[in-house]
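Trainee: Counting in this note's numbering, the sequence shown runs from 27 upward without gaps.
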Amino acid sequence: MDIVRAEGLRKSFGVLPAVNGLSFAVHKGECFGLLGPNGAGKTTTIRMLYGYTPRDAGVLTLFGLDIDRDIREIKRRIGICQQEDSLDPDLTVRENLAGFARYFSITGAEAQARADELLHFFALQGRAGDKIATLSGGLKRRLMLARALVNRPDLLILDEPTTGLDPQSRQLLWDKLTELKGAGLTLLLTTHYMEEAARLCDRLVIVDHGRILVEGAPATLVREQVGETVLEIADPDRAVREFLAREGARVEDLGRRLLVHLDDGDALFLKLTREIRAEGCTLRPATLEDLFLKLTGRELRE
Numbered sequence: 027m028d029i030v031r032a033e034g035l036r037k038s039f040g041v042l043p044a045v046n047g048l049s050f051a052v053h054k055g056e057c058f059g060l061l062g063p064n065g066a067g068k069t070t071t072i073r074m075l076y077g078y079t080p081r082d083a084g085v086l087t088l089f090g091l092d093i094d095r096d097i098r099e100i101k102r103r104i105g106i107c108q109q110e111d112s113l114d115p116d117l118t119v120r121e122n123l124a125g126f127a128r129y130f131s132i133t134g135a136e137a138q139a140r141a142d143e144l145l146h147f148f149a150l151q152g153r154a155g156d157k158i159a160t161l162s163g164g165l166k167r168r169l170m171l172a173r174a175l176v177n178r179p180d181l182l183i184l185d186e187p188t189t190g191l192d193p194q195s196r197q198l199l200w201d202k203l204t205e206l207k208g209a210g211l212t213l214l215l216t217t218h219y220m221e222e223a224a225r226l227c228d229r230l231v232i233v234d235h236g237r238i239l240v241e242g243a244p245a246t247l248v249r250e251q252v253g254e255t256v257l258e259i260a261d262p263d264r265a266v267r268e269f270l271a272r273e274g275a276r277v278e279d280l281g282r283r284l285l286v287h288l289d290d291g292d293a294l295f296l297k298l299t300r301e302i303r304a305e306g307c308t309l310r311p312a313t314l315e316d317l318f319l320k321l322t323g324r325e326l327r328e
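(1) Can you tell me whether Thr308 is buried or exposed, with buried defined as 16 or more other CB within 10 angstroms of its CB?
(2) Which complete alpha helix (DSSP H) runs does the stretch 42 to 125 hold, if anything under 4 residues is left out?
(3) Going by DSSP, name the residue or residues bridged to Ile232.
(4) Relative to the alpha-carbon of Ala44, which residue among Gly134, Lys101, Thr69 has its alpha-carbon at the smallest distance?
(5) Report yes if the C-beta distance between Leu215 and Cys227 is below 8 Å; otherwise report no.
(6) Which ranges does the beta strand (DSSP E) cover as unbroken runs of at least 3 residues, wholly within the stretch 260 to 297, from first to last along the chain?
(7) If you draw a straight line from the alpha carbon of Val85 to that of Ile97, how long is it in whole angstroms?
(8) Compute the distance between the beta-carbons of Leu61 and Thr217, then report whether it is under 8 Å.
(9) Check the C-beta distance from Leu247 over to Leu213 and give it rounded, since I have them as a contact under 8 Å.
(10) Residues in its own chain within less than 6 Å of Arg81 by CB, not counting five upstream and five downstream?
(11) For Asp94 and Phe130, what's the separation of their Cα atoms in angstroms?
(12) Which whole-angstrom value is the C-beta distance of Lys202 and Phe269, which I expect to be below 8 Å?
(13) Report the rounded CA-to-CA distance for Arg249 versus Ala312, giving the unit in angstroms.
(14) Got a sec: does the ligand FMN put a non-hydrogen atom nearer than 7 Å to the Cβ of Ala139?
(15) What does a CB cutoff of less than 8 Å around Gly155 pick up in its chain, not counting 5 residues either side in sequence?
(16) Hey, could you find the ends of the beta strand (DSSP E) Leu213 is sitting in?
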């Protein structure tokens, strides 16, 4: 049984369609990614999944339960780590966990034991008695994630969980999420970090303007849509452009820089650097970021 099944989800704010007919499924035990530029409809979709934002149309089930009829049971079985810091500043680290457990009827010794377990898992036991104001951004994100696991959820929803974190904190959270997925927890992730999505996600969708552009495993999508390698050429001159045209290469022209998408770039790279020009030519593996920018464009989004 799919953990999440969405069919034809739609949500508009006035005349603006934020989600425009999304259909996808999240399988048990996988990490499923929801990627897209700002304003693509990711957060609106996430909020519909846990009942915060009502949908205008479409069918939405979690654990085989209807989101309208069975919302209380669904909320009991999900954990949510939101973008915004919603920790209680008047409580200590431990009290934030034990207090939140009461929303799920976990009280007393059981709540304290669960708080201890999560403090240890996220290496927060040394800060258990500290107030929230004394914590760094990385510590707060770890506590937010710990709090989302208080009720031992069957689905963990992560809305940009590592935004603004330093590399050490981000790596720690990635390791913990990988460990949770290995234990069988289903994850649904939104992120702007393509490295994060490539590392954690078994499958993902890229959405823009409320619609799905592609769906599949990250490595497979990159290979099919972009190629195995990317040849970057800085400050291309006429000779370089004519060479690539003769070779029939797939070129993304960025003006002062060319990106050449290749299935096997070694031969073309060697020919270019030996016969035309070696300076400013770099051959690298294709990435999920290449795919993301190819599909959604390079213009800035507000």
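Every residue, glycine too, gets a C-beta built ideally from N, C-alpha and C.
Mentor: Per the coordinate set shown:
(1) It counts as exposed.
(2) Here the runs fully enclosed are 68 to 75, 97 to 102.
(3) Paired residues: Leu61, Val240.
(4) Comparing alpha carbon positions, the residue from Gly134, Lys101, Thr69 closest to Ala44 is Thr69.
(5) In this structure, the beta-carbon distance from Leu215 to Cys227 falls below 8 Å.
(6) Within the stretch 260 to 297, the complete beta strand (DSSP E) runs of at least 3 residues are 276 to 279, 283 to 288.
(7) Cα to Cα, Val85 sits roughly 14 Å from Ile97.
(8) The Cβ atoms of Leu61 and Thr217 lie closer than 8 Å to each other.
(9) The C-beta distance from Leu247 to Leu213 rounds to 18 Å, too long to fall under 8 Å, and the pair is not in contact.
(10) Leu35, Lys37, Met74.
(11) Taking the straight line from one Cα to the other gives about 20 Å.
(12) That pair is no contact at about 48 Å.
(13) Taking the straight line joining both Cα atoms gives about 8 Å.
(14) As presented, the structure is devoid of all ligands, the ligand FMN included, so that no description of it is given.
(15) Only Thr118, Val119, Arg120 meet the Cβ criterion.
(16) That run of the beta strand (DSSP E) goes 212 to 216.
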